[in-house]
Amino acid sequence: MAPSSISSALESKDVDVAVNFPTNQYPDVADMEGVEWLAQIEPIYDYIGFKYGMWDAENSTVDSNMEEAKMGDVELRRAMWHAIDNNAVGERFYNGLRWKATTIIPPYHKNFHNDEIETPEFNIDEANNILDAAGYEDVDGDGMREDPNGEPLEINFAAMSGGDTSEPLANYYIQQWQSIGLDIDKLNGRLIEYNTFYDMLENDDPGIDVFLAGWSVGTDVDPTALYGADAPYNYIRYESDNNTELLTRGMSEEALDIDKRIEIYKEW
1 MAPSSISSAL ESKDVDVAVN FPTNQYPDVA DMEGVEWLAQ IEPIYDYIGF
51 KYGMWDAENS TVDSNMEEAK MGDVELRRAM WHAIDNNAVG ERFYNGLRWK
101 ATTIIPPYHK NFHNDEIETP EFNIDEANNI LDAAGYEDVD GDGMREDPNG
151 EPLEINFAAM SGGDTSEPLA NYYIQQWQSI GLDIDKLNGR LIEYNTFYDM
201 LENDDPGIDV FLAGWSVGTD VDPTALYGAD APYNYIRYES DNNTELLTRG
251 MSEEALDIDK RIEIYKEW
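Just so it is clear: in the sequence shown, position 249 is 249 by UniProt numbering, and no numbers are missing.
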């Protein structure tokens, strides 16, 4: 059944149970008589990804180059985080059924999820101050910041087409980043079809600098398949000795002690 037809099917009593009801339809039917709504934490999360390198197919490993990557500067990324009101994103685009994440280990893994991690709060002034201090200035007076070397900084943002919220959500991110003087827009001026989008990520399309994607996680918390140095699905192409060490420890003999495993993943 098409997702757009589920609400009417419930109302007409053509179906008795609807699993994975579309959250964007919930506000319209929340008060429907004769229906009981049950909710649960889903094993999914969305994230903003920054490209740090390439996939080395010959050696089956991530080739990360933070120093040369356009998005390698942590101050640039931190400013972009401050420019986004993630709580408002959850309310405005997902009717309050999604919320700001503190970590890429979602609350589905409740023993390992850490909701006490301090993350950058929405603060446009702070975002601008960070960019100013890091040397991202509008050198030529066009309203857009250049990089610390005075060179143009053009950022391509990739996001998938599909749902009703896809376009307005992508536009929101772009609008917020442009408001702090970043020259950023959709890659090729449009959203990208689902399969094409992931083909481009897997093949390290050189046009992608920043992207919006999401993951479903498994029943076990181990995130190595998504963020390990030898993981093709590590689309951000990030790796470090510390990252590898913690992921390895999380699946080692010492992690048979659940408290120790929790400690390892909270450090990760």
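For every residue, glycine included, the Cβ atom is placed at its ideal position computed from N, Cα and C.
Thinking C-beta only, is residue j closer than 8 angstroms to residue i?
i: Tyr265; j: Val221; result: yes
i: Met144; j: Gly181; result: yes
i: Ala83; j: Gln176; result: yes
i: Ile6; j: Phe21; result: yes
i: Leu153; j: Asp183; result: yes
i: Ile262; j: Phe112; result: yes
i: Asp230; j: Ser60; result: yes
i: Tyr26; j: Leu97; result: yes
i: Pro148; j: Gly135; result: yes
What are the boundary residues of the beta strand (DSSP E) that residue i is part of?
i: Asn156; result: Glu154 to Ala158
i: Asp147; result: From DSSP, Asp147 is part of no beta strand (DSSP E); its letter is neither H nor E.
i: Ser216; result: Val210 to Ser216
i: Val62; result: Thr61 to Ser64
i: Asn197; result: Note on residue identity: the sequence assigns Phe, not Asn, to residue 197. Where Phe197 is concerned, there is no enclosing beta strand (DSSP E), although the alpha helix (DSSP H) it sits in stretches over Tyr194 to Glu202.
i: Ser183; result: Ser is not the amino acid found at residue 183; the sequence shown has Asp there. From DSSP, the beta strand (DSSP E) with Asp183 extends over Asp183 to Lys186.
i: Asp31; result: Run containing Asp31: none; DSSP gives neither H nor E here.
i: Gly53; result: Gly53 to Asp56
Can you give me the start and stop residues for the alpha helix (DSSP H) that residue i sits inside?
i: Lys260; result: Ile258 to Glu267
i: Asp125; result: Ile124 to Ala133
i: Ile236; result: Neither: Ile236 is in no alpha helix (DSSP H) and is coded neither H nor E.
i: Ile174; result: Ser166 to Ser179
i: Ile48; result: Counting along the chain, Ile48 falls outside any alpha helix (DSSP H), though it belongs to the beta strand (DSSP E) covering Ile44 to Phe50.
i: Trp81; result: Val74 to His82
i: Thr224; result: Thr224 to Tyr227
i: Glu89; result: Before going further, note that residue 89 is Val rather than Glu in the sequence given. Asn86 to Tyr94 is the extent of the alpha helix (DSSP H) around Val89.
Please report the Cβ distance between residue i and residue j, rounded to the nearest whole angstrom; I am assuming they are in contact, meaning their Cβ atoms lie under 8 angstroms.
i: Tyr52; j: Ala69; result: 5 angstroms
i: Met54; j: Arg237; result: 6 angstroms
i: Ala225; j: Tyr233; result: 6 angstroms
i: Ser161; j: Leu191; result: 4 angstroms
i: Thr23; j: Asn95; result: 7 angstroms
i: Thr102; j: Asp115; result: 5 angstroms
Within the same chain, show all residues whose beta-carbon is closer than 8 angstroms to that of residue i, passing over the 5 residues directly before and after it, in chain order.
i: Lys186; result: Asn156, Phe157, Ala158, Ala159, Ala170 and Ile174
In chain order, what residues of the same chain lie with their CB nearer than 6 angstroms to the CB of residue i, ignoring the 5 residues before and after it?
i: Gly150; result: Val139
i: Arg249; result: Ile264
Let me make sure I understand the geometry here. Which of the options has the alpha-carbon closest to that of residue i?
i: Asp125; options: Ser179, Val29 and Ala39; result: Ser179
i: Ser8; options: Asn24, Asn114, Val29 and Thr119; result: Val29
i: Pro168; options: Gly90, Ala133 and Arg77; result: Gly90
i: Ser166; options: Gly207, Gly141, Gly214 and Asn129; result: Gly214
Any heavy atom of the ligand MG closer than 7 angstroms to the CB of residue i?
i: Asp257; result: For the ligand MG, the structure offers nothing, since it holds no ligand at all.
By Cβ distance, which residues of its chain are closer than 7 angstroms to residue i, with the 5 residues on each side in sequence left out?
i: Gly207; result: Asn156 and Leu187
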